[in-house]
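Notes follow once the structure below has been shown.
2 protein chains.
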Amino acid sequence: MPNAPIPAKTALKSHRSTGRITLSDVARAAGVSPSTVSRALRGERAVDPALIERVQAVSDKLGYVPDPAARALASQRSNHVAILIPLLSNALFVDLLDSAQKTLRAGGYQTLMGVTHYDSSEEEQLLREQLLHRPAGLLVTGLDHNPATRKLMHSSQVPCVHLMDLPAAQREDAPYCVGFRQTDAGAAMTRHLLAQGRKRIAFAAAQLDPRVMQRLFGWRSALQEAGVYEPTLEFLNPAPSSLALGGILFEQIMQQRPAVDAVFFCNDDLAQGALMAALRLGVSVPAQVAIAGFNDLTGSDQMLPPLTTVRTPRARIGEAAAQMLLSLMRGETPPVPQLDLGFEIVQRQSS
Amino acid sequence: MPNAPIPAKTALKSHRSTGRITLSDVARAAGVSPSTVSRALRGERAVDPALIERVQAVSDKLGYVPDPAARALASQRSNHVAILIPLLSNALFVDLLDSAQKTLRAGGYQTLMGVTHYDSSEEEQLLREQLLHRPAGLLVTGLDHNPATRKLMHSSQVPCVHLMDLPAAQREDAPYCVGFRQTDAGAAMTRHLLAQGRKRIAFAAAQLDPRVMQRLFGWRSALQEAGVYEPTLEFLNPAPSSLALGGILFEQIMQQRPAVDAVFFCNDDLAQGALMAALRLGVSVPAQVAIAGFNDLTGSDQMLPPLTTVRTPRARIGEAAAQMLLSLMRGETPPVPQLDLGFEIVQRQSS
DNA sequence: CTGAAAGCGCTTACAG
DNA sequence: CTGAAAGCGCTTACAG
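Chains as they are written, first to last, in this note's numbering: chain A, 7 to 357; chain B, 7 to 357.
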C-alpha cells in the first residue's frame, strides 16, 4: 500500500500534542539524532563543528527552547540557584539579592529566594524545600548554620557560596565565600573615632546576628587596644533594626551616660534614627557627640549632618559571589576561594 | 528455582539509582498502583477514603516528597509562581514581594521573581523566560504592558493577578487585580492640603511611571475642582526616586516659586529628602511650606517634623493578590475580581 | 473507584 | 564523533 495515507501518529510527530517545539523536531529538521542535538546545543565537546553549526541554525530557525523541567528530570539538575537571606526589610540584603540575581540571570539561571527571618530552623526548612528543585547552586548568607543545615548543604553536593562573612582563619576546609572582615570593620571605625579624639565611645546594636556581634568584638578590641574599654558602654537590643529603635537607643544612651562623646551604631538605619533624635532633643552632632553608622545605606549622605559610616561592598559581594558560583557550576575551581572585598570608612560631618 | 537469589534488577527497584524515594516506592509499600498513590496524595476525588489514609500513612513513613520537575513535566504545570516587579530599590515593591512570597509559600508555591526596571521590553523578555518554567500563576505590577506581553499573558492561559492598580472603570473584560485608586489617593491628599488652607500646592515627582502619573492626575483634578490649578506648579523628573533627588527638587521649587505653600511629593523618599533639605536651608515646615509624601515608607514617622503622607496597603495588596491567585489556581472564581484595598491619609506635623 | 500503559521532553551511559 | 535505547519520576486519558 504505497499510497496509503500517512498514519496519524506519524503526522502528529512533527509537533507533540502540547504544540511545543522539541529536541526531536530540531533533530528531524537537521537530519541528526536527538542525542546529537542535545550535545551540540549544550556545547559538549566531541561533536563535529560543522554539525554544531547546522543544528544551531535549525534550532534558531524553529525557535527551539529547551524545557527546563525535562532537562532537570533527566539530568538531576535544574537551572535554579537558591539564595537564602535573613530579611527583605533590610536594604543590605535586598542589594545583595538584586546584584546576585542579575548576575545569575545573565548566566542563564533562575533565582529561587528564601527568607529565613534569622531563624535557623526556618533556614533548614527552606533549604529542604529548595533542594527538592535540585538547584544547580546555592548562595547563603553568613557562615553560621545549624548542624542539620550544614549536613544538607554538604550531602546534597550542590556547589555553595557564602555571602558577607569570611572565616576567622584561612583553613584547609574553609567554605567558598565572598565578603569582608566584619570584626576588622568594627575595629577600624572605632579607631577612626579614637583618632578624632573621642574618649567614651558607646556601641549600640540591634538584631544581634552573628555579623553584628563581630562588629561588637571589633569595637571592643580597638578600645582595649587603646586602654579605654568599658563594658557598660555596650547597648545591645535584640529587636529588629529600624530608625525608630535608633532614636530610642540614642535617647537612652544620652540619658544614662551623658558623658559619652561618640556612639557607633551597628547599622545605618539606627544611626539615621539617632541623628533625627539628636535634632529633636537639641543634642549637637558632632560637637557634643559623634555618631557613626555601618553599611552606608541610602539616605545616610542626606542626613543632617551627613552620616559618617562604613561603606560595605554589598552589590559587589552579590555579584562576585554569583560569579564564583557560576564558575563552580561549570566545574571550575575558583582561584580565590575566600574572597575579601574589604570596606571603606566614609567620613562625613557626623563625626 | 525457588531459592534463587532475587535478581539484581528487582532488588534495585526498591530505590531508583538516584536513591530518591519515589511514587512507585510508596505504591509498592502500600500495595496499590502508582496511579492511585498519585491521585490519593493530590486529594483527587474518586479515591476510596480508606485508601487515601493508608497511602498517606505509608508516604509519611517513607518520607516521600514528590519531585517537582517530574510533576511539571508530566502535568505541564509547575509549582512556580512568577512575579514581575519594576525595582528592588523601591521599598514599596520589596514589601509587595515579601508579603506575596510569604503567602504563596504557605500555599506550596515557589516564587520566581523578575525585575523589569520599568522597561516594557525587559518585562516581555522576563515573562518569556518565566513561562518556560510553566508557572502555575502570574503576579504582575500594574496594568500597563506592551502588546506582546499582553498576548503572552493571554495565550499562555496562566492565571494572572495584577498588583497595585485598578482599571479606571468596571468593565466586563477587566483583569484580576488588587490595589487601590491612585488617582483618588492623589486627589485626596491634595484636598487635604487645600482643607488646611494651602493655596499654592506644587506636585513634585520622579520616575513618572503610570501610577505616579495617576497621582498627578488626581492632584490636577482636585486643584481644578477648587479653581486653583496652575500647570507651572508641576515638577516632573523622570530620574529614579531618591532622597537626594527630593532635596534637589525641593530646593529648585523654593528657588523658582518662593510663593508655593505646599509640596506634594509622589513618593516618601522624595519627601524625606525635601524635609532634610528644608532643615539645611532653614525653610520652616509646615509654617512656611507644608510637605506631603506618598506610601508611608519606613522612616517617615521619624522625620523632623514627621511626614504627612498617604498610607498604602502594600503588604495587604501582596497578600490578597497571592490569595486571589491561589484560588484561581485551584480553579475557583474570585468573588471580587477587582479588589480595592483603599488608602489612608496620615496627617503628621509636616502639614 | 482502580490499574496498565503511554507520554511529558530531555540526558546519558553504552555501543559502534 | 554519532545514534538507539533506556530512564528520570511523575500525570492522565483510557479501560474496566
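Using N, Cα and C, we set each Cβ at its ideal position, and we do this for glycine too.
Nothing here was measured: the structure is a model prediction, and the numbers come from that model.
Alpha carbon of residue i to alpha carbon of residue j, nearest angstrom
i, j, result
"residue 320 of chain B", "residue 348 of chain B", "10 Å"
"residue 129 of chain A", "residue 196 of chain A", "33 Å"
"residue 230 of chain B", "residue 237 of chain B", "10 Å"
"residue 342 of chain B", "residue 140 of chain A", "38 Å"
"residue 52 of chain B", "residue 75 of chain A", "28 Å"
"residue 94 of chain A", "residue 213 of chain A", "14 Å"
"residue 48 of chain B", "residue 41 of chain B", "11 Å"
"residue 12 of chain A", "residue 166 of chain B", "Here residue 12 of chain A scores only 33 on pLDDT, less than 50, and its place in the model is too uncertain to base an answer on."
"residue 340 of chain B", "residue 255 of chain B", "43 Å"
"residue 143 of chain A", "residue 62 of chain A", "27 Å"
"residue 127 of chain B", "residue 109 of chain B", "29 Å"
"residue 113 of chain A", "residue 330 of chain A", "12 Å"
"residue 78 of chain A", "residue 131 of chain A", "22 Å"
"residue 1 of chain A", "residue 305 of chain B", "Residue numbering for chain A in the displayed model covers 7 to 357; residue 1 of chain A lies beyond these limits and cannot be assessed."
"residue 4 of chain B", "residue 242 of chain B", "Beyond the ends of chain B as shown, which are 7 and 357, falls residue 4 of chain B; an answer cannot be given."
"residue 354 of chain B", "residue 137 of chain B", "45 Å"
"residue 299 of chain A", "residue 200 of chain A", "15 Å"
"residue 309 of chain A", "residue 282 of chain B", "6 Å"
"residue 106 of chain B", "residue 162 of chain B", "22 Å"
"residue 158 of chain A", "residue 36 of chain B", "28 Å"
"residue 357 of chain A", "residue 194 of chain A", "14 Å"
"residue 184 of chain B", "residue 204 of chain B", "33 Å"
"residue 358 of chain B", "residue 68 of chain A", "Residue 358 of chain B lies beyond the residue range present for chain B, which begins at 7 and ends at 357; the question has no answer from this structure."
"residue 133 of chain B", "residue 56 of chain B", "43 Å"
"residue 81 of chain B", "residue 66 of chain A", "27 Å"
"residue 168 of chain A", "residue 60 of chain B", "42 Å"
"residue 29 of chain B", "residue 72 of chain B", "7 Å"
"residue 43 of chain A", "residue 124 of chain A", "46 Å"
"residue 170 of chain B", "residue 85 of chain A", "31 Å"
Of the listed residues the options, nearest to residue i (C-alpha basis)
i, options, result
"residue 248 of chain A", "A:43, A:195, A:210 and A:265", "A:210"
"residue 174 of chain A", "A:166, A:207 and A:216", "A:216"
"residue 301 of chain A", "A:294, A:318 and A:198", "A:318"
"residue 267 of chain A", "A:326, A:351, A:206 and A:282", "A:206"
"residue 219 of chain A", "A:111, A:160 and A:273", "A:273"
"residue 307 of chain B", "A:307, A:278 and A:325", "A:278"
"residue 135 of chain B", "A:123, A:158, A:124 and A:111", "A:111"
"residue 324 of chain A", "A:69, A:72, A:145 and A:66", "A:145"
"residue 322 of chain B", "B:289, B:269, B:316 and B:346", "B:346"
"residue 291 of chain B", "B:314, B:275 and B:303", "B:314"
"residue 295 of chain A", "A:261, A:327 and A:275", "A:261"
"residue 358 of chain B", "B:186, B:117 and B:312", "For chain B, the structure presents residues 7 to 357; residue 358 of chain B sits outside this window and is missing."
"residue 351 of chain A", "A:45, A:28, A:269 and A:191", "A:191"
"residue 97 of chain A", "A:287, A:297 and A:276", "A:276"
"residue 246 of chain B", "B:33, B:221, B:179 and B:92", "B:92"
"residue 311 of chain A", "A:226, A:332 and A:289", "A:289"
"residue 293 of chain B", "B:202, B:244, B:228 and B:45", "B:202"
Neighbour list for residue i in chain B, Cβ cutoff strictly below 7 Å
i, result
"residue 295 of chain A", "Those do not exist, as residue 295 of chain A stays about 17 Å from chain B at its closest Cβ, beyond 7 Å."
"residue 84 of chain A", "75"
Interface partners of residue i on chain B, CB under 8 Å
i, result
"residue 139 of chain A", "74, 75 and 116"
"residue 3 of chain A", "The question about residue 3 of chain A has no answer, for chain A in this structure spans 7 to 357."
Residues that residue i contacts on chain A, provided the C-beta gap is smaller than 8 Å
i, result
"residue 255 of chain B", "What residue 255 of chain B touches in chain A: nothing, since even the nearest Cβ is about 13 Å away."
"residue 71 of chain B", "138"
Chain-ordered chain A contacts of residue i [CB-CB under 9 Å]
i, result
"residue 248 of chain B", "304, 305 and 308"
"residue 104 of chain B", "93, 94, 95 and 121"
Chain A contact residues for residue i, given Cβ-Cβ distances below 7 Å
i, result
"residue 29 of chain B", "Ordered by position in chain A, no residue passes the 7 Å Cβ test against residue 29 of chain B, which lies about 13 Å from the chain."
"residue 100 of chain B", "94 and 100"
"residue 286 of chain B", "310"
"residue 78 of chain B", "75"
"residue 279 of chain B", "308"
Distance between beta carbons of residue j and residue i, contact taken as under 8 Å
i, j, result
"residue 271 of chain B", "residue 252 of chain B", "6 Å"
"residue 233 of chain B", "residue 188 of chain B", "The Cβ separation is near 23 Å, so there is no contact."
"residue 285 of chain A", "residue 263 of chain A", "Contact doesn't hold; Cβ gap of about 20 Å is too wide."
"residue 334 of chain A", "residue 182 of chain A", "7 Å"
"residue 102 of chain A", "residue 119 of chain A", "At roughly 11 Å, the Cβ-Cβ gap does not stay under 8 Å, so residue 102 of chain A and residue 119 of chain A are not in contact."
Contact list for residue i against chain B, beta-carbon separation under 9 Å
i, result
"residue 159 of chain A", "Those do not exist, as residue 159 of chain A stays about 17 Å from chain B at its closest Cβ, beyond 9 Å."
Inset, instruction - For the region 211–269 of chain A, list the beta strand (DSSP E) runs that are entirely contained and at least 3 residues long, ordered along the chain. - result: Listed in chain order, the complete beta strand (DSSP E) runs (minimum 3 residues) inside the region 211–269 of chain A are 240–243.
Legend entry - Continuous alpha helix (DSSP H) assignments of at least 4 residues falling wholly in the region 51–110 of chain A: If only complete runs of 4 or more residues are kept, the region 51–110 of chain A shows the alpha helix (DSSP H) at 55–68 and 74–81, in order along the chain.
Inset, instruction - For the region 105–139 of chain B, list the alpha helix (DSSP H) runs that are entirely contained and at least 4 residues long, ordered along the chain. - result: Runs found: 126–138.
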